[in-house]
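K.L.:
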Amino acid sequence: MLKGKRHLITRSNNQTIPTADIKNILVKWKAVQEFTNAHYPDSAEANRINDLYSDTLVRYFRQMLKKREKQTTLDRFFTAPSAKKRKMDGDVQDSIIS
Numbered sequence: 021m022l023k024g025k026r027h028l029i030t031r032s033n034n035q036t037i038p039t040a041d042i043k044n045i046l047v048k049w050k051a052v053q054e055f056t057n058a059h060y061p062d063s064a065e066a067n068r069i070n071d072l073y074s075d076t077l078v079r080y081f082r083q084m085l086k087k088r089e090k091q092t093t094l095d096r097f098f099t100a101p102s103a104k105k106r107k108m109d110g111d112v113q114d115s116i117i118s
């Protein structure tokens, strides 16, 4: 993905889904599961259907979110030392001038 577009996840048809939208739908999915488990008359059937949907469709979005979070972590790991070095260099320059 291009720099500056990291918060977007690409779908198979080249449209992008913002990470916030994926997080939002996963929260909503959790609420649907809880609601159906609490109110559907056949709890075994509700669990089976929820698990089926979760294992197929929802898992895809969870995996995409995990990949994005992993990439963000790697980016932070590799960019943090240079930012820290610039701050330290600035502090050294300030102490030399003083």
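The numbering used here applies: residue 21 is where the sequence shown begins, and numbers increase by one. Beta carbons are placed, not taken as given, at the ideal position from N, Cα and C, and that holds for glycine.
Compare the Cα-Cα distances from glutamine 53 to each of Arg68, Asp41, Ile42, Lys43 and report the closest residue.
P.N.:
Position 33 of the sequence shown holds residue 53. Per the Cα distances, Arg68.
K.L.:
Looking at alanine 66: is its Cβ nearer than 8 Å to the Cβ of tyrosine 60?
P.N.:
For the purposes of this step, residue 66 is taken as residue 46 along the sequence shown, with counting starting at 1. For the purposes of this step, residue 60 is taken as residue 40 along the sequence shown, with counting starting at 1. Yes, they are a contact pair.
K.L.:
In this structure, how does DSSP classify aspartate 75 when only helix, strand and coil are distinguished?
P.N.:
Taking the sequence shown and counting its residues from 1, one reaches residue 75 at position 55. Three-state result, aspartate 75: helix.
K.L.:
Determine the DSSP secondary structure at aspartate 95, reduced to helix, strand or coil.
P.N.:
The residue given as residue 95 occupies position 75 in the sequence shown. Correct three-state label for aspartate 95: helix.
K.L.:
Measure the C-alpha to C-alpha separation of glutamate 89 and valine 78 and round it to an integer number of angstroms.
P.N.:
Within the sequence shown, the letter at position 69 stands for residue 89. Within the sequence shown, the letter at position 58 stands for residue 78. If you take the alpha carbons of glutamate 89 and valine 78, they lie about 17 Å apart.
K.L.:
So, for asparagine 57: in the same chain, excluding its five sequence neighbours on each side, which residues have a beta-carbon less than 8 Å away from its beta-carbon?
P.N.:
The residue you call residue 57 lines up with position 37 of the sequence shown. The answer, listed in chain order, is Ser63, Ala66, Asn67, Asn70.
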